[in-house]
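No gaps in the numbering here: position 9 of the sequence shown is 9 in full-length UniProt numbering, and each next residue is one more.
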Amino acid sequence: MDDDWGWVPEFIYIEGDEHVLLEALEKGKLQVISDGSLKQQVGTAAVQLRTRRGGHVIWIKCRTPGKPENQSAYLSGLIGLLAGILVASWLRLRLQSLAKPRVRVACDGIAALRQAFLTWPLSPTAPHFNLLSSIREALQSFSEPCAIYIDNKKVSCLALELVDKAVVLPELMEYWAAKGRLAPETFPLVDWPIVHQAMKPLKPAKQRFITKHTVGMCGVSKFRKQWSLDSENQCPLCGLEEDHLHVPCCPSDRAKTQWQLLLQELQEWFQSTTTATPIAQFLGALLCTIRTPNNLPQTETPWYRLHGMSSSALTQVCEAQLRLGPQCLLEGLLAHGWADHQQQFYRSRGSRRSGNRWAANLSRQLILIRKGMWKRRNDVFHSDDNIVNQQRATALHPSITPCGSPPTPTGGQGGMGPRHLRRPPQNQTISCRQATIDVGTDPPYSSPSSPLTYLSTYLPK
């Protein structure tokens with residue numbers, strides 16, 4: 001027995017054949033069952049190492065170390081787990097195999113069991129830090145709860161990006177292809193590391209906004225009608241049917257003005273970041289095709305060459321971006337190569353700026369254009385300029401009947417007039433106090449049963 005850990009079990013008794021327990025340990029069928037207790041400020045623990053069928057058992061009894069005021073059932077559970085794990089590790093030393101065996105551990109204290117087998121590092125300020133550290137050190141002689149191997153290489157931590165790529169990505173590509181957003185052959189054209197770099201620093205609320213408006217499940221009139229919030233599917237700016245694709249290409253004058261303003265801000269951003277002129281011209285012209293899709297030149301010369309794209313490598317990037325389409329560009333999906341060409345442009349000017357950072361910021365700027373169009377649409381939706389509200393008001397006004405009319409020239413009342421017409425003339429209104437002052441004496445009291453007669457004495461004749 002190791003002298004460092006010999007103090008933990010105070011009593012060990014073997015019932016049955018020890019070789020049967022060794023065989024169970026080698027086959028991974030050994031069980032360690034611990035039970036800790038606290039009574040009269042004395043903590044104790046009893047442990048069994050047994051096979052599944054029983055009959056062959058190693059009994060362990062131990063007392064919890066520490067002062068009486070520091071004892072607890074949780075501490076007793078921890079010392080029982082440590083004793084059982086240590087005895088199981090001593091049994092392992094008698095095995096001929098070098099493989100690490102598996103042992104099933106059970107304890108009546110769920111808190112002690114969880115803290116003993118958690119994988120993240122312990123805090124030195126955690127309760128019973130020394131005892132928990134000893135348990136985790138003793139567990140190193142046994143096999144791990146699970147191990148992941150990728151390309152025959154053990155992974156020390158769970159790579160969430162690889163898991164998402166293996167589990168989520170295939171279904172996501174099928175969904176996008178079914179919705180017509182990205183075809184499977186165009187998916188590799190997107191510079192996904194740049195998109196990840198652009199989305200990562202955004203707040204969760206803005207990430208959810210981008211996701212909803214990219215998929216189309218947002219507060220446009222199409223879904224407001226499906227959700228029974230509106231009776232008609234009408235754009236608040238132009239009155240046409242509205243979905244998420246209609247928002248940036250709405251034909252109304254207000255949407256056109258907002259679009260020009262946002263494109264002007266994008267051009268100012270191009271100038272502030274020293275973007276290469278051919279790149280700025282191409283991306284700006286491609287964005288304009290969202291509102292004017294038939295504006296592409298119908299000539300034999302490719303459109304991107306008309307905008308100064310002379311380099312063959314840059315031409316390939318333009319072709320890839322054209323295959324993705326202007327809608328993907330508005331969603332911040334850039335093709336491979338923009339960051340590299342901008343990096344080369346920076347180097348040619350002696351600048352130490354990063355092309356990847358420029359591309360990530362460009363992706364966010366493109367998303368801001370979509371958000372700006374939505375904000376303009378939403379402001380109109382909640383204002384009196386909403387064309388749907390104006391149509392409702394126009395249809396409602398003829399059905400409103402006046403509640404009264406002013407007096408006729410002959411003195412007759414045409415009906416119950418407005419509130420200011422129903423008021424009595426000011427010279428006919430007089431208070432009881434003023435009438436008393438004018439008369440100078442109190443009027444005679446007639447009868448409690450005739451209040452009208454009493455009040456009439458105060459009114460002028």
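The C-beta atom is built at its ideal place from N, Cα and C for all residues, glycine as well.
In the DSSP assignment, ALA126 falls outside any beta strand (DSSP E), carrying neither H nor E. The three-state secondary structure of LEU38, taken from DSSP, is strand.
Judged by DSSP in its simplified three-state form, ARG104 adopts strand. Taken atom to atom, the span from the alpha-carbon of HIS246 to that of GLU161 is near 34 Å. Look at LYS67 here: in three-state DSSP terms it is coil, with no helix or strand label. Exposed is the label assigned to GLU185, since fewer than 16 other Cβ atoms lie within 10 Å of its Cβ. Rounded to whole angstroms, the Cβ separation of LEU329 and LEU283 is 7 Å, and the two are in contact under 8 Å. The stretch 339-383 contains, as complete alpha helix (DSSP H) runs of 4+ residues, the segments 355-381 (chain order). PHE142 and LEU21 have their C-alpha atoms roughly 16 Å apart. When rounded, the separation of the alpha-carbon atoms in GLY80 and GLY54 is 19 Å. With fewer than three CB-CB distances shorter than 8 Å, the stretch 381-388 does not count as touching the stretch 265-282. Uninterrupted beta strand (DSSP E) stretches at least 3 residues long and entirely within the stretch 179-220 do not occur.
DSSP lists TRP59 as the beta-bridge partner residues of TYR13. Of the candidates ARG254, HIS19, HIS56, ALA111, the residue whose Cα lies closest to the Cα of ASP35 is ALA111. Here the C-alpha atom of PRO124 lies approximately 44 Å from the C-alpha atom of ARG352. By the criterion of a C-beta distance shorter than 7 Å, GLN365 is surrounded in its chain by LEU266, TRP269, once the five residues flanking it on both sides are discounted.
Contact between the stretch 331-340 and the stretch 168-177 is not established, with fewer than three Cβ pairs separated by less than 8 Å. Exposed is the label assigned to VAL163, since fewer than 16 other Cβ atoms lie within 10 Å of its Cβ. A residue is called buried once 16 or more other Cβ atoms fall within 10 Å of its Cβ, and VAL215, having fewer, is exposed.
GLN31 sits in a strand when the DSSP states are folded into three classes. Between the stretch 198-213 and the stretch 341-357 there are fewer than three C-beta pairs closer than 8 Å, too few to call the two in contact. Under DSSP, LEU49 shares a beta bridge with VAL32, ILE58.
Under the criterion of beta carbons closer than 8 Å, ILE194 and PRO248 do not qualify as touching, at roughly 22 Å. When C-alpha distances from LEU78 are compared across LEU38, VAL103, MET373, ASP253, the shortest belongs to LEU38. In the DSSP secondary-structure assignment, GLY332 is not bridged to any residue.
Nearest neighbour of LYS29 by Cα position, chosen from GLU69, GLY43, ALA88, turns out to be ALA88. Restricting attention to TRP338, PRO326, LYS179, the CA atom closest to the CA of GLN316 is found in TRP338.
Per DSSP, the beta-bridge partners of GLY43 are LEU38. Cβ-Cβ separation between ILE85 and ALA138: approximately 5 Å, consistent with a contact (criterion under 8 Å). Measuring C-alpha to C-alpha distances from LEU322 to each of THR292, LYS225, LEU287 identifies LEU287 as the nearest. Shown here for ARG377: same chain residues with a beta carbon closer than 8 Å to its own, the five before and five after excluded, namely CYS235, PRO236, LEU237, VAL247, CYS250, ALA255 in chain order. Secondary structure at ARG94: coil, using DSSP grouped into helix, strand and coil. In the structure shown, the three-state DSSP call for SER228 is coil. Separation of GLN344 and ALA276 (C-alpha to C-alpha, rounded to the nearest whole angstrom) is 10 Å.
Linking LYS165 to ASP191 through their CA atoms gives a straight-line distance of about 15 Å. In this structure, ASN130 is the residue among CYS107, ASN130, LEU95, PHE11 with its C-alpha nearest to the C-alpha of GLY66.
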